[in-house]
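**Student:** Here my numbering is used: the first residue of the sequence shown is 15, the next is one more, and so on.
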Amino acid sequence: MKSIPCAIILCRPEDSRNIGSVCRAMMTMNCMDLRIVGRKDDYDGEQVKMLAVHAGEVWDRARFFDPDTEGLPAAAADCALVAGTTRRMGQWRKSWGMTPEQFARHLRDSGAYPAAVVFGNERTGLTGEELNQCSLAVNIPSNPDFPSLNLSHAVQIMTYTLFTA
Numbered sequence: 015m016k017s018i019p020c021a022i023i024l025c026r027p028e029d030s031r032n033i034g035s036v037c038r039a040m041m042t043m044n045c046m047d048l049r050i051v052g053r054k055d056d057y058d059g060e061q062v063k064m065l066a067v068h069a070g071e072v073w074d075r076a077r078f079f080d081p082d083t084e085g086l087p088a089a090a091a092d093c094a095l096v097a098g099t100t101r102r103m104g105q106w107r108k109s110w111g112m113t114p115e116q117f118a119r120h121l122r123d124s125g126a127y128p129a130a131v132v133f134g135n136e137r138t139g140l141t142g143e144e145l146n147q148c149s150l151a152v153n154i155p156s157n158p159d160f161p162s163l164n165l166s167h168a169v170q171i172m173t174y175t176l177f178t179a
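1. Counting along the chain, where does the alpha helix (DSSP H) carrying cysteine 37 start and finish?
2. From alanine 76 to aspartate 159, what does the alpha carbon distance come to, in whole angstroms?
3. Can you name the residues that DSSP bridges to phenylalanine 177?
4. Whole angstroms is fine: what's the gap from methionine 43's alpha carbon to threonine 83's?
5. Can you list the beta strand (DSSP E) stretches of 3 or more residues lying completely in the stretch 137-164, in chain order?
6. Using C-beta distances below 8 Å, list every residue in its chain close to glutamate 28, excluding the 5 sequence neighbours before and after it, in chain order.
7. On the DSSP letters alone, give me the boundaries of the beta strand (DSSP E) that valine 62 sits inside.
8. Is it true that the CB of proline 19 sits closer than 8 Å to the CB of alanine 200?
9. Near tryptophan 106, which residues of its chain fall below 6 Å by C-beta distance, leaving aside the five closest residues on each side in sequence?
10. Going by DSSP in three states, glycine 85 sits in which element: helix, strand or coil?
11. Is there contact between the stretch 62-71 and the stretch 109-126, where contact requires at least three CB pairs shorter than 8 Å?
12. Excluding sequence positions up to five away, which residues of its chain have a Cβ less than 7 Å from the Cβ of proline 161?
13. Hey, how far is the Cα of serine 17 from the Cα of threonine 173?
14. So, under 8 Å CB-CB, glycine 78 and threonine 99 are touching, yes? Tell me the CB distance rounded to an integer number of Å.
15. According to the Cβ coordinates, are isoleucine 23 and valine 67 closer than 8 Å?
16. Rounding to the nearest angstrom, what Cα-Cα distance links histidine 167 and isoleucine 33 in this structure?
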């Protein structure tokens, strides 16, 4: 089966176990292009692979970019379309966001490949500066009283939506 022509970019992830869970979520949907704005040495490869289960290949193939202001642009440099995920909207962020389904349709219809979906740090999400470097925003609808998703769950929803589009 053909891989999804979409990279997953993680900006400044904190927890190696979350990266492992992201790898597993990606591989189940045949998405193999993981890019991390962070230094590989900052993560525990054993913990990553423990949570990745049989998706260690995604970790082994991951590309890393310096966690500075140039990291995200470098990670997305070859992408025709870059979607930043966020639960927060407003004046200082993108004023609107697509649902995952709208994004998948837009990507399919525009043919803007390769594309990337960008996820922020587990605790803080994408900064305003990082989101501004993205072409558009994607919001995963959730309970307004508890709107924040686990990183790997958000990746799973996005890759599933792209896989089935």
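Positions of the beta carbon are idealized from the N, C-alpha and C atoms, including for glycine.
**Tutor:** Taking the definition as stated:
1. The residue labelled residue 37 in the question sits at position 23 within the sequence shown. For cysteine 37, the enclosing alpha helix (DSSP H) starts and ends at 30-42.
2. Walking along the sequence shown from the start, residue 76 turns up at place 62. Walking along the sequence shown from the start, residue 159 turns up at place 145. Answer to the nearest angstrom: the Cα atoms are 34 Å apart.
3. The residue given as residue 177 occupies position 163 in the sequence shown. Answer is none; phenylalanine 177 lacks a bridge partner.
4. Taking the first residue of the sequence shown as 1, we reach residue 43 at position 29. Taking the first residue of the sequence shown as 1, we reach residue 83 at position 69. Looking at the two C-alpha atoms, the distance is approximately 30 Å.
5. 150-152
6. Reading the sequence shown from its first residue, position 14 is the one you call residue 28. Excluding residues within five positions, the ones whose Cβ falls inside 8 Å are Asn135, Glu136, Arg137.
7. Looking up residue 62 in the sequence shown gives position 48. Not the beta strand (DSSP E): valine 62 falls in the alpha helix (DSSP H), residues 59-66.
8. Residue 200 lies beyond the stretch modelled for the chain, which goes from 15 to 179, so this question has no answer here.
9. In the sequence shown, counting from the first residue as 1, residue 106 sits at position 92. Note that tryptophan 106 scores a pLDDT of 45, beneath 50, so its modelled location is shaky and nothing firm can be said.
10. Taking the first residue of the sequence shown as 1, we reach residue 85 at position 71. In this structure, glycine 85 counts as helix in the three-state DSSP scheme.
11. no
12. The count along the sequence shown starts at 1 and reaches residue 161 at position 147. Same-chain partners within the cutoff: Arg101.
13. Stepping through the sequence shown from its first residue, residue 17 is reached at position 3. Stepping through the sequence shown from its first residue, residue 173 is reached at position 159. So the two alpha carbons sit approximately 11 Å from each other.
14. What you label residue 78 is simply residue 64 of the sequence shown in a count that begins at 1. What you label residue 99 is simply residue 85 of the sequence shown in a count that begins at 1. Reading off the sequence shown, one finds phenylalanine at residue 78, where the question assumed glycine. Not really, about 20 Å apart at Cβ, beyond 8 Å.
15. Within the sequence shown, residue 23 is the residue found at index 9, counting from 1. Within the sequence shown, residue 67 is the residue found at index 53, counting from 1. Not closer than 8 Å, so no.
16. Walking along the sequence shown from the start, residue 167 turns up at place 153. Walking along the sequence shown from the start, residue 33 turns up at place 19. Roughly 11 Å between the two C-alpha positions.
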